Amino acid sequence: MTQTSNRFFDEAARLMNDAAGVAQGVRREFDTMLRHQAERILGDLDVVKREEFEAVKEMARLAREENEVLKARIAALEAKAKSEPRPAESKFAAGSGEGSSGQA
0 MTQTSNRFFD EAARLMNDAA GVAQGVRREF DTMLRHQAER ILGDLDVVKR EEFEAVKEMA
60 RLAREENEVL KARIAALEAK AKSEPRPAES KFAAGSGEGS SGQA
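The numbers in numbering that gives the first Met the number 0 rise by one with no breaks, and the one at position 95 of the sequence shown is 94.
Structure follows, in C-alpha cells:
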C-alpha cells in the first residue's frame, strides 16, 4: 500500500508540474499575442515614438532660443537706427533744390 500511495502522489505531483508548465506557456503566448496586437494597433494609429518626439522638442527649443536672440538683435538695431540721424535725409533736407536748379 505504501508503494501505491507514493506512486499516486508522484503521478499527481508530475501532473501538477506539467499543468503549471503548460499554464506558463499559455501565459507567455498570451503576452506575446497581446504585445503584437498592441504594436499593430499603435502602428495603425501612426503614433510618434518617444525618441522622435524628444528630437523635435529639442529642435523647437533651439529655434525658440534663436528667435529670442534675433528679436533682441533687431530691437538693438532699431534702437540704434532711431538714435542716429540718417545721412540721406539730412543731405536732401539741406539742399532740397540742388539737383534740379543746377541744370536749368
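We treat Cβ as the ideally placed atom computed from N, Cα and C, and that holds for glycine.
These numbers come from a predicted model, not from an experiment.
- Task: Within the same chain, show all residues whose beta-carbon is closer than 7 Å to that of R57, passing over the 5 residues directly before and after it, in chain order.
- Result: Reading off the sequence, residue 57 comes out as Glu, not Arg. Taken in chain order, the list of residues that qualify is empty.
- Query: In terms of residue numbering, what span does the alpha helix (DSSP H) encompassing E50 cover?
  - Reply: R49 to S82
- Message: Can you look up V46 in the DSSP assignment and give me helix, strand or coil?
- Response: Note: V46 maps to coil in three-state DSSP.
- Message: Looking only at its chain, what residues have a beta carbon closer than 6 Å to the beta carbon of A80, apart from the 5 residues adjacent to it on each side?
- Response: none
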